[in-house]
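This report concerns only the one structure given below.
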Amino acid sequence: MPKLFLGLDSSTQSLSAVVIDLDARKVVYEKSLNFDQALPHYKTQNGVLKNRDPLVKHSSPLMWAEALDLIFAEMKKDGVALGDILAVSGSGQQHGSVYFNDRITAALENLDPQKSLVENLKGVFARKTSPIWMDSSTAVECAEIRKKLGGIKYTASRTGSDTFERFTGPQIRKFFKTEPDAYAKTSSIALVSSFLASLLAGKIAPIDHGDGAGMNLMDIRKKVWDMDALKATAPSLKKKLPPLAAPGQVIGPVSAYYVNKYGLNPEALATIWTGDNPASVIGLGLIKPGQIAVSLGTSDTFFGSMEKCLTDENGEGHVFGSPAGNYMTLICFKNGSLAREKIRAHYGIADWKQFGELVAQTNPGNDGGVLLPWFEAEIVPRVNQPGIHRFNLDAKNVAANCRAIFEAQMMSMRLHSQWMNVAPEKVFATGGASNNVALLQVMADVMNCRVLRIEVSKSAALGAALQGAHGWLTVAGKNPKWEKLVAGFTAPVPGSEIRPNPKAARVYDKLVEKYADCEREAL
Ligand code: XUL
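Quick look at the structure:
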């Protein structure tokens, strides 16, 4: 019998499933359900409910539950060997929270396969909607909690991150302040990940150290609820939170609901879920410290494994628990592809090929020219007033401005990841812009390490499936090693390796200092 494991990823816009055959080291099934399209009756736009306040971004927990039913029905229809699946794990968009009243435990224990999950969950919510990571309506609560915890540096060193609007603690505080009665009736709070894990296990699931670190409520070093942070957030919070647990631990067998309804293996194990970023770290094979991935998308995200817990005293970067047992970091730069595209459009450059040719006409270091491309308010560094700043750079020099945007983004990454104290050994580039060779060459030169392209379409769901395999092997007494487990699933694109040019690397060692001065001046 093949050893099959199912990984699910409930992201902002979709629910994805990946089934792996562990011995064959192959993904044997992939499916994605787009919420807007598959479940139009929730009226979401890109997975988000409409709201008059542009800062408020909520979604529907019932939609996530309905999607779970739907994806199992699809897998059954597609002939997936659900009876052979040995464990199910998953990941969820980070920070989003779900609020239950005291009917939740009984509802989870008695999931009736004659009914849908939505019907089974009738009357269990203390709050109809769930604030998600895109919400930025809690600036006041962030300031309140940060102040009580003793400022940015202390909050970050205590919880792994400074307070952020999207983090769950500030969201819980806002709920307590604005809807105190509903907060009082809340008996249990889940993250998106632990909510879906609970639906699979048929009982309230623990929150794992990966996703738990995205709440501003967990002591990042001891990996327990931080009583001061809980107190600073809302009263009686400890009673409302599930226990914390190591990523991927087995909760128990899957609920009979999925066995009776979809033919899932009755012996399949349900494990604790994690956040989508921790799951991606596994899905991309970033097990060893020094292995970094940069996802070049709408925003650019820099993440990787870290052995010891170091936190960013400027409060820009995040530290989460990693499914591999140690830590992971995540730094999110808002002006990613958007800023690159703005420059391209501004200079009327036809395509990225031509853009790359222009970059090649200029020298690494741009003869000292620096651009700060903050088209949008930036997260790293904190920039509230968007603006474009040029130093020794002529706005009319098209080629120099093309190089400058790439260099600025890569130098910012290098500068603002220094607190991690990890010299990248190699960087895996993913995301839309990772096929831009000119950009990757600048990355290799600025970081002074090899850059390899990696294409994993569903890295979080794959990471979740591998986490399921890890949980199952652990219970089977096989003492699995992560490095061995991920091998073969996440190979870089053949021939994609880009090596740093030593001469250019020396130029950037100097220029990064000037770049830091420019940032200071602009801020
Ligand atoms: C990370 C974050 C996002 C979500 C996206 O802090 O907010 O990456 O996890 O799903």
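Counting from 1, position 257 in the sequence shown corresponds to residue 249 in our numbering; the numbering is continuous, with no gaps.
Built from N, CA and C at the ideal position, the CB exists for glycine as well.
Sequence-distant Cβ neighbours of A430 in its own chain, meaning closer than 6 Å and more than five residues away, are G348 and V351. For L364, the enclosing beta strand (DSSP E) stretches over residues V362 to W366. By the 16-neighbour rule on beta-carbons within 10 angstroms, E259 is exposed.
For F295, the secondary structure class from DSSP, reduced to helix, strand or coil, is strand. The criterion of a C-beta distance shorter than 7 Å is satisfied by T266 and D203.
In the DSSP annotation of this structure, D173 is not part of any beta strand (DSSP E); the continuous alpha helix (DSSP H) holding it starts and ends at P172 to A176.
For N26, the enclosing beta strand (DSSP E) begins and ends at K18 to N26. In the DSSP assignment, R374 falls outside any alpha helix (DSSP H), carrying neither H nor E.
Contact check between the stretch 131 to 140 and the stretch 183 to 190: fewer than three CB pairs, one atom from each, fall below 8 Å, which does not count as touching. Taken atom to atom, the span from the alpha-carbon of A514 to that of A483 is near 41 Å. Between V80 and A262, the CB-CB gap stays under 7 Å.
Judged by DSSP in its simplified three-state form, Q283 adopts strand. G360 and S272 have their C-alpha atoms spaced approximately 36 Å apart. Nearest C-alpha to L288 among N257, V419, Q353 and Y507: V419.
Nearest in C-alpha terms to T422, of all of S451, N413 and R395, is S451. If you check the C-beta of W265 against the ligand XUL, you find no heavy atom less than 6 Å away. Segment contact: the stretch 363 to 373 against the stretch 322 to 335, three or more CB-CB distances shorter than 8 Å; contact assigned. Between T354 and S149, the CB-CB gap reaches or exceeds 7 Å.
If you draw a straight line from the Cα of S52 to the Cα of E101, it is about 22 Å long. G328 is classed as buried because its beta carbon has at least 16 other beta carbons within 10 Å across all chains shown. Per DSSP, the continuous beta strand (DSSP E) segment holding S83 begins and ends at I77 to G84.
In the displayed model, F159 falls within coil according to three-state DSSP, outside both helix and strand. Taking C-beta atoms as the reference points, D61 and S6 fail to come closer than 7 Å. The nearest non-hydrogen atom of the ligand XUL is 6 Å or more from the C-beta of D94. Spanning the alpha carbons of F159 and A131 requires a straight line of approximately 11 Å. Bounds of any beta strand (DSSP E) do not take in F187; it lies within the alpha helix (DSSP H) bounded by V184 to A193. Between the alpha carbons of Q85 and P198 lies a gap of roughly 16 Å. Rounded to the nearest whole angstrom, the CA to CA distance from G307 to T147 is 8 Å. In this structure, the ligand XUL has no non-hydrogen atom nearer than 6 Å to the beta-carbon of Q163. With fewer than 16 other Cβ atoms inside 10 Å of its own Cβ, T170 counts as exposed. At the C-beta level, S190 and K232 stay beyond 7 Å of one another. Boundaries of the alpha helix (DSSP H) around F64: P53 to K69. Within a 10 Å sphere around the beta-carbon of V20 sit fewer than 16 other beta-carbons, which makes this residue exposed. For I144, the enclosing alpha helix (DSSP H) covers residues I144 to T151.
In this structure, V448 keeps its C-beta atom at 7 Å or more from the C-beta atom of M435. Exposed is the label assigned to R512, since fewer than 16 other Cβ atoms lie within 10 Å of its Cβ.
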